[in-house]
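In order, the protein sequence lines correspond to chains A and B. Note that UniProt numbering numbers the first sequence so that position 122 is 122, with each residue one more than the last. Note that UniProt numbering numbers the second sequence so that position 107 is 107, with each residue one more than the last.
There are 2 protein chains.
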Amino acid sequence: MATGRNHRPATSRSRGIPEATVARLPLYLRALTALSERSVPTVSSEELAAAAGVNSAKLRKDFSYLGSYGTRGVGYDVEYLVYQISRELGLTQDWPVVIVGIGNLGAALANYGGFASRGFRVAALIDADPGLAGRPVAGISVQHTDELEKIISDNGVSIGVIATPAGAAQQVCDRLVAAGITSILNFAPTVLTVPDGVDVRKVDLSIELQILAFHEQRKAGEEPHGEHDEDTAPPAAPPAAAVAKRPRSKRPESGPDGDVPAVMPA
Amino acid sequence: MATGRNHRPATSRSRGIPEATVARLPLYLRALTALSERSVPTVSSEELAAAAGVNSAKLRKDFSYLGSYGTRGVGYDVEYLVYQISRELGLTQDWPVVIVGIGNLGAALANYGGFASRGFRVAALIDADPGLAGRPVAGISVQHTDELEKIISDNGVSIGVIATPAGAAQQVCDRLVAAGITSILNFAPTVLTVPDGVDVRKVDLSIELQILAFHEQRKAGEEPHGEHDEDTAPPAAPPAAAVAKRPRSKRPESGPDGDVPAVMPA
DNA sequence: ATGCCTTTGTGAACGCGTGCACAAAGATGC
DNA sequence: GCATCTTTGTGCACGCGTTCACAAAGGCAT
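Encoded structure:
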């Protein structure tokens with residue numbers, strides 16, 4: 001069993017499109033779609049890069065992995081590029097998706113307009129709460145977890161979204177994988193362990209906030225003067241030596257709720 | 001103006017904690033908190049790494065940036081490490097947060113338990129819809145956008161969450177920044193442009209799904225045989241030369257909705 | 001007290017990603 | 001048809017992040 005490693009560690013790289021590039025393609029596609037709607041025929045790498053918020057050289061290199069779709073002295077044909085990127089991302093086909101865990105977040109995701117467009121289609125909403133079964137959310141009737149395997153099998157679903165509480169996530173994940181799911185988007189604050197061949201991407205509000213807090217603190221700490229070693233008082237805990245003797249006394253005070261699930265399932 | 005560059009490009013690195021490490025600290029913290037609740041006194045880098053889903057050497061190196069908090073032959077003291085990481089992340093202080101855009105997603109975020117714990121506190125919910133004003137969501141009364149500046153100023157808020165439709169995001173962002181916000185978590189599918197000194201982190205469901213679709217397609221395409229150049233029929237669009245003459249005819253068929261907002265504000 | 005055994009902390013190598021800078025390609029004007 | 005000007009595509013160098021592998025450190029048993 002692979003220890004919940006997410007993306008692709010060092011697996012075979014298909015034809016050679018770097019992971020970092022793949023992650024930016026949706027960004028380009030979005031910018032290009034906007035241009036397309038305004039009937040703009042061509043864009044230069046400079047303009048498009050600005051719209052996507054990246055370096056123009058990086059963008060050109062990214063596109064070079066897809067082939068030479070630009071015209072020197074002119075730029076890129078918007079429509080053509082939209083098609084090429086869509087094709088590369090696999091957006092020209094239909095991707096049925098199941099959402100497991102229809103709480104606040106799950107419901108919000110079900111209502112998310114981004115699903116309908118771009119080839120993603122919500123095939124089913126699944127929840128463990130029998131009371132929710134049959135209730136329509138975003139125009140789709142919620143089904144019970146018991147049906148999970150059948151739903152995935154019948155609809156040929158390969159992408160699953162987990163929006164359950166953290167405690168249920170791994171279990172749901174296991175069932176999804178066993179049922180044939182090979183791509184998972186995880187909103188639960190847990191590290192999922194999956195077998196090789198299954199991709200997991202994580203969306204974690206808590207982590208993002210903590211990263212912001214780190215930088216925020218650093219900004220605040222830098223304002224005063226240049227730098228210093230604010231060791232404002234190591235309230236408790238032995239540095240090293242006297243440890244191991246189980247300094248267990250009382251928990252500091254960090255909330256005992258340890259990362260509450262993203263959403264209530266009921 | 002900085003072109004919507006997110007994290008820190010090459011800015012001064014405080015005392016030298018790599019960005020990649022910072023991004024993992026919350027992960028370690030979560031695993032450590034779980035251990036703490038089970039009253040586990042110490043962990044080895046190997047165990048903790050497994051729990052966090054990372055390489056043990058990486059974890060040790062990450063911790064080495066914080067200082068030498070481990071004991072050779074024993075491991076790390078759980079409680080002590082929880083405290084150190086919390087402090088490093090700035091979680092020992094209170095971070096008031098405002099959420100702008102109380103639609104499905106905004107409401108789900110407001111209900112998110114992860115806020116309450118870990119030093120984050122929802123200071124206010126803000127929406128442009130007058131009809132929502134005064135209505136309680138997650139126990140907090142929604143306030144109108146007009147109050148935005150005052151709310152931020154009065155509560156000393158420095159972190160803002162944008163959960164509005166894409167169209168309103170940049171405008172909201174500008175107001176937040178003008179009001180003093182220096183960290184933004186953006187759920188709207190748009191590239192935000194912010195001045196230097198303001199951190200933006202992005203959470204984008206659509207992009208994550210597209211990345212999954214890419215890998216999913218690749219898996220499916222690899223199954224058959226080794227590799228090949230599936231150029232299954234370039235339906236339209238001129239390769240290069242005859243372009244620039246505005247081959248504008250009709251849009252392919254990619255949904256004309258071009259990335260619907262994450263959530264309806266009303 | 002001494003030696004063994006476990007686990008940390010880190011030096012060094014490697015690979016990926018980024019950005020610069022420029023040559024080549026092509027369009028456009030005369 | 002030729003010159004000029006724009007913009008692509010990419011070779012190259014640099015820096016960050018990851019991983020291996022091992023010496024040093026410290027606990028623990030005898």
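Heads up, the beta-carbon is just placed ideally off N, CA and C, and yes, glycines get one too.
Task: Whether F115 of chain A touches V142 of chain A by CB criterion (8 Å) - done: no
TODO: Identify every residue that forms a DSSP beta bridge with D199 of chain A.
DONE: A:S183
TODO: Identify the continuous beta strand (DSSP E) that holds S141 of chain A and give its terminal residues.
DONE: 140-144
TODO: Starting from the beta carbon of V203 of chain B, find every residue of chain A whose beta carbon is closer than 8 Å, and list them in chain order.
DONE: V203, L205, E208
Task: Residues near E132 of chain A in its chain [Cβ-Cβ closer than 7 Å; skip 5 each side] - done: According to the sequence provided, residue 132 of chain A is Leu. The question's Glu does not apply to it. Around L132 of chain A: I102, V142.
Task: Three-state secondary structure assigned by DSSP to G70 of chain A - done: strand
Open item on the list: List, in chain order, every chain B residue whose beta-carbon is nearer than 7 Å to that of L105 of chain A.
Closed with: A108
Task: Cβ-Cβ distance between L105 of chain A and E88 of chain A below 8 Å - done: no
Task: Residue from A:I181, A:A124, A:D94, A:P18 whose Cα sits closest to the Cα of L59 of chain A - done: A:P18
- [ ] Check distances from the C-beta atoms of the region 109-120 of chain A to those of chain B and list, in chain order, the residues that come in under 9 Å.
- [x] L109, A110, N111, Y112, G113, G114, F115, A116, S117, R118, G119, F120
- [ ] Inspect the beta-carbon positions of L109 of chain A and L205 of chain B and report whether they are closer than 8 Å.
- [x] yes
Open item on the list: Counting only Cβ pairs nearer than 7 Å, list the residues of chain B close to V22 of chain A.
Closed with: I211, F214
TODO: Let me know the secondary structure DSSP gives R87 of chain B once reduced to three states.
DONE: helix
Task: Partners in chain B for A52 of chain A, counting only beta-carbon separations shorter than 7 Å - done: V191
Task: Own chain partners of L176 of chain B with C-beta closer than 6 Å, once the 5 adjacent residues on each side are dropped - done: G160
TODO: For S158 of chain B, return the contacting residues in chain A, with the cut-off set at a CB-CB distance below 7 Å.
DONE: E216
TODO: Output the distance between the C-alpha atoms of V122 of chain A and K202 of chain A, rounded to the nearest integer angstrom.
DONE: 19 Å
TODO: Below 8 Å on the Cβ atoms is my guess for S56 of chain B versus S45 of chain B; work out the distance and round it to an integer in Å.
DONE: 5 Å
Open item on the list: Give me the subset of the region 27-47 of chain A whose CB atoms are less than 9 Å from a CB atom of chain B, sorted by chain position.
Closed with: L27, L29, R30, A31, T33, A34, S36, E37, S39, P41, T42
Task: Stretch pair the region 22-41 of chain B + the region 73-83 of chain B: three plus CB contacts closer than 8 Å - done: yes
- [ ] Pull up the distance between the alpha-carbon of G181 of chain A and that of D154 of chain A, whole angstroms please.
- [x] The question names Gly, but residue 181 of chain A in the sequence shown is Ile. Those two C-alpha atoms are separated by around 12 Å.
Open item on the list: DSSP three-state label for R38 of chain A, please.
Closed with: coil
- [ ] Show which residues of chain B have a CB atom less than 7 Å away from the CB atom of G90 of chain A.
- [x] A213, F214, E216, Q217
- [ ] Would you please verify whether the beta carbon of L176 of chain A is less than 8 Å from any beta carbon of chain B?
- [x] no
TODO: Taking L148 of chain A and I126 of chain A to be in contact with their CB atoms under 8 Å, please state how far apart those CB atoms are, rounded to whole angstroms.
DONE: 6 Å
Task: CB-CB length for A138 of chain A against N111 of chain A, believed under 8 Å - done: 5 Å
Open item on the list: With the cut-off set at 8 Å, would you say V100 of chain B and A179 of chain B are in Cβ contact?
Closed with: no
Open item on the list: On a Cα-Cα basis, can you pick out the residue from B:K219, B:R218, B:P26, B:G221 that is closest to G119 of chain B?
Closed with: B:P26
Task: Residue from A:V22, A:V157, A:I152 with nearest C-alpha to K61 of chain A - done: A:V22
Task: Cβ-Cβ distance between G73 of chain B and V191 of chain A below 8 Å - done: no
Task: L66 of chain A at chain B interface by Cβ criterion, 8 Å - done: no
TODO: Look at the Cβ atom of A107 of chain B, then the Cβ atom of I151 of chain B, and state whether they are nearer than 8 Å.
DONE: no
Open item on the list: My output table needs one value for L125 of chain B: the three-state DSSP class, helix, strand or coil.
Closed with: strand
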